Every structure is written in C-alpha cells, then in structure tokens.
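Residue numbers (my numbering): 106 to 397. What follows is a set of notes on a single structure, which appears directly below.
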Amino acid sequence: MSYKKYLVKQHDMTDCAAACLATVCMYYKKEITITKLRDILGTDIKGTTLKGLEDGAKRLGFDTRAIRVDKQGFMSKYTLPAIAHVITDEGLSHFVVIHRVKKDKVIILDPAKGVEKKEIDEFFKNFDGIFLLMVPNNEFSSGKNKSGSMLSKFISLLLPQRALFIYSIIASVILTVLGIASSFFNKILMDEILPYGLKNQLKIFVIGFLVLGVTQIILSSIRQHMLLYLSQKIDIPLLLGYFKHVYKLPMQFFTTRKVGDILTRFSDAFTIKNVLTSISLSLIKVVQAIKK
C-alpha cells in the first residue's frame, strides 16, 4: 500500500523518535537522515524526550501540539500523520507514527516492527494517550537527501580498479570461449572420430583436448587470483574510509550511543564490503553464464 513508502526504520532502540520524525517528513516529501535528526532532537543513550521531539519538529518547520487523548478523543478528526507515545509489551518507552484512523482500526507505522493495522482497543493496550500533532508551516522545506546513492559509491570504489576489473571480464570471456570449444571437441570426438576409428585424428584431438584443458585450468587460476586481488583493492579504501569517518566524528556521537550500537555499525561496514565484492563478482560471472 502507498503508506509503506513513507516508513523509515530505526537503526537501534534509541532511534524511534528520530525515525518517526523522518517518517512524517517523508510523508511531506522531505528526506532527512536519522543521524541528522538525532542531533536535532538531542537523542542520547536513553533515547529522546517528548520535548526534544517537539522542539526538533519545530526546528524543521512544523507547527506542533502535544495533547493527551482518551479513546473517544482519539477518534476525532486530527491532521495525520501524527506521532503517538506507547509502552511496549516489554515495558519500554516507544514512539510510533499514526498514519490513519478509520472506523475501528488504526494504521501504525512502527519504526521497529514496520506497518501494522490494529483494532482501536488493541492499540490502546499500549498507547498511553500522549499524541504529538504536526503540521508543516511556511518554514518547512521539502527536498531529497543529497548524499550519494549506493550505486555511485560502489562505482567510485570500482573505478580505480577498472583495469583489473576489465582483465577479469576478458579472462571470463576467454574461459567461456574455451568452454564452448570444449563442447565442440566432445561432439566431434563422439560423432565423427570414435565411430569411424580415425586413429591419427584421435591423437591430434587428444593432444588438443589436453592443451585446452590445461589452458582452462591456468586461466581459471589466474582469473581467481585477479578476483581475490580485486576484492582486496575494494576492501582497503572502504574500510579505511570508514575508520577515517569514525575518527573525525565528534565526541558527542560516542557519548549519545551505546557501545553495542557502534560495534554494530562497524560490523555493517564489513557487510557492505561483502555486498560490494559480491556485486563485482556477479557481474563477472554473468559473462560465464552465457555458455550455460
């Protein structure tokens, strides 16, 4: 459904308020990162307060009003989306976006769980009645996040190694041609040489087949070494760039986040590295798939 495209998922447990505000911004066609919103809202290791969320929304150009509603008041016609404060089943404070209320159901954009549709009575088991209404004013400005896409970042990592990448593709093409030639060798051997007992041609074909096989093994080994080297050449600038970025971060970044969250982001750098390497290898393997 259309409302799913507005949902912004939280990075960790303390990001729910920032993710909710990012979701509301997305509804009004404004893209903004959770990292930037954490700074605007004053999020720390304990999360974000309602006042911090309201003040941050005003800084972005929203007119806000925090109210407390009961079940009857909740069914009134408010401007949505709005942000609601709930208590999770585990007893934790949490923010969610109320996207729509219709009849006896409420559509919730939960930054932790995703899109949910609940009965009003079920929702009120966790809802504590605090509701933050938000409407953009003249100071609000829509726009996309200017940070580069994942594709552009991938290309910037791959471009310095374009020669190695091209050599790997050429090796894959040659291996594909050799594989096709090997199939023809087998066809001629089975259909023409063996049935008619052509011993002289058999010797030539055996020698040619051995040369072809050895060439394939050697070229395949060379290609494999090139791919491993390419993987290393992508790994180094990616991880070094990550370390440089972390080194330049202000102390506030570390004091407002738990150690586990920072370690998770470090682990994510390795995940991104594996994805980028996998994409590179897949592009090369596509060439080999032609012979299949």
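All C-beta atoms in this analysis are idealised placements derived from N, C-alpha and C, irrespective of residue type, glycine included. Keep in mind the model is a prediction, meaning the values are calculated, not measured.
- Counting only the Cα atoms, K208 lies some 14 Å from E227.
- Contact between M131 and Y111 holds: CB atoms are separated by about 4 Å, below the 8 Å threshold.
- For the pair T281 and L343, the Cα-to-Cα distance works out to about 31 Å.
- Assigned with DSSP and collapsed to three states, F245 falls in coil, not helix or strand.
- With contact defined as three or more Cβ pairs closer than 8 Å, the region 232-241 and the region 164-183 are in contact.
- By alpha-carbon distance to L307, the top candidate from S247, V319, K292, Q321 is K292.
- In the DSSP assignment, S198 falls outside any alpha helix (DSSP H) and lies within the beta strand (DSSP E) extending over 198-207.
- The three-state reading of DSSP puts A187 in strand, counting E and B together.
- In this structure, M239 lies away from T148, with their beta-carbon atoms at least 9 Å apart.
- Counting the other Cβ atoms within 10 Å of the Cβ of S288 gives fewer than 16, which makes it exposed.
- Between E221 and D215, the alpha-carbon positions lie close to 7 Å from each other.
- Per DSSP, the beta-bridge partners of F236 are I172, A189.
- Between the alpha carbons of S198 and K230 lies a distance of about 14 Å.
- Residue environment analysis places H330 among the exposed positions, since fewer than 16 neighbouring C-beta atoms fall within 10 angstroms of its C-beta.
- For G219, the pairing in a beta bridge is given by DSSP as D215.
- Within its own chain, the residues whose Cβ lies closer than 7 Å to the Cβ of Y183, once the five positions on either side in sequence are excluded, are L238, listed in chain order.
- For D117, the three-state secondary structure derived from DSSP is coil.
- Secondary structure of K135 (DSSP, three-state): strand.
- Take A162, set aside five residues on each side of it, and the residues of its chain with a beta-carbon closer than 7 Å to its own are L126, T169, M239, in chain order.
- The three-state secondary structure of E159, taken from DSSP, is helix.
- Annotation for S288: the continuous alpha helix (DSSP H) segment containing it runs 267-293.
- Fully contained in the region 294-353 are the following alpha helix (DSSP H) runs of length 4 or more, in chain order: 304-353.
- Taking 9 Å as the cut-off, the Cβ atoms of K114 and A124 count as close.
- Looking from the CA of S326, the closest CA among E297, S277, L315 belongs to S277.
- T140 is classed as exposed because its beta carbon has fewer than 16 other beta carbons within 10 Å across all chains shown.
- With respect to I213, V202 sits close: the two C-beta atoms are nearer than 9 Å.
- Annotated as proximal: G166 and F245, with beta-carbon spacing under 9 Å.
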